[in-house]
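Engineer: In the numbering used here, the protein residues as written are 40 to 178.
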């Protein structure tokens with residue numbers, strides 16, 4: 040459910056064109072198949088994305104997602120983290136910490152759509168705010 044939502048956000052954020060690349064990041068967390076592969080397959084087969092997709096199949100945390108994909112976006116004109124609003128903000132904070140040279144290219148994604156994930160967004164928001172507060176206190 041969450042990965043399918045993130046995939047929809049990624050496709051919404053991407054402008055179709057030869058220079059646009061979606062990077063799917065995430066290792067095997069709940070089973071043998073890496074999250075990146077599940078995301079790619081949904082984006083390609085269910086959402087109809089025909090553009091370029093790169094994978095990071097080893098990350099096991101948001102920190103690692105950012106660290107492992109930073110080299111893949113080093114030449115990008117703009118960078119969007121496609122996820123829930125607060126999780127994407129966490130990734131942007133991590134990118135600023137890890138690669139300040141890339142932070143100026145960050146763009147907010149189109150991660151909010153009215154009535155999308157209506158029943159779980161309040162829970163995601165509560166957990167996300169708690170994690171962001173903890174993150175900001177520790178930096």
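Ideal placement from N, C-alpha and C gives every residue a C-beta, glycine not left out.
Which runs of the alpha helix (DSSP H) at least 4 residues long sit entirely within the segment 57-92? Give them in chain order.
Structural biologist: Whole alpha helix (DSSP H) segments, 4+ residues: 74-80.
Engineer: Report the residue from 46, 53 and 145 whose alpha carbon sits nearest the alpha carbon of residue 128.
Structural biologist: Numbered from its first residue, the chain shown carries residue 128 at position 89. Among 46, 53 and 145, the Cα nearest to that of residue 128 is on 145.
Engineer: According to DSSP, simplified to helix, strand and coil, what is residue 116?
Structural biologist: Here residue 116 refers to the residue found at position 77 when the chain shown is read from its first residue. Residue state, collapsed to three classes: coil.
Engineer: Roughly how far, in whole angstroms, is the beta-carbon of residue 68 from the beta-carbon of residue 47, given that I think they are within contact range, below 8 Å?
Structural biologist: Taking the first residue of the chain shown as position 1, residue 68 is located at position 29. Taking the first residue of the chain shown as position 1, residue 47 is located at position 8. 20 Å between Cβ atoms; not a contact.
Engineer: Could you pull the start and end residues of the alpha helix (DSSP H) that residue 139 belongs to?
Structural biologist: Here residue 139 corresponds to residue number 100 of the chain shown, with the count starting at 1. That run of the alpha helix (DSSP H) goes 139-142.
Engineer: Counting C-beta neighbours from all protein chains within 10 Å, is the total for residue 72 16 or more, i.e. buried, or is it exposed?
Structural biologist: Within the chain shown, residue 72 is the residue found at index 33, counting from 1. Exposed is the call here.
Engineer: Considering only C-alpha positions, which residue in the set 133, 142, 59 and 174 is nearest to residue 104?
Structural biologist: Within the chain shown, the letter at position 65 stands for residue 104. Residue 104 has its Cα closest to that of 133, out of 133, 142, 59 and 174.
Engineer: On the CB-based measure, 16 or more other CB atoms within 10 Å of its CB, does residue 108 come out buried or exposed?
Structural biologist: Counting from 1 along the chain shown, the entry for residue 108 is found at position 69. Per the 10 Å Cβ criterion, buried.
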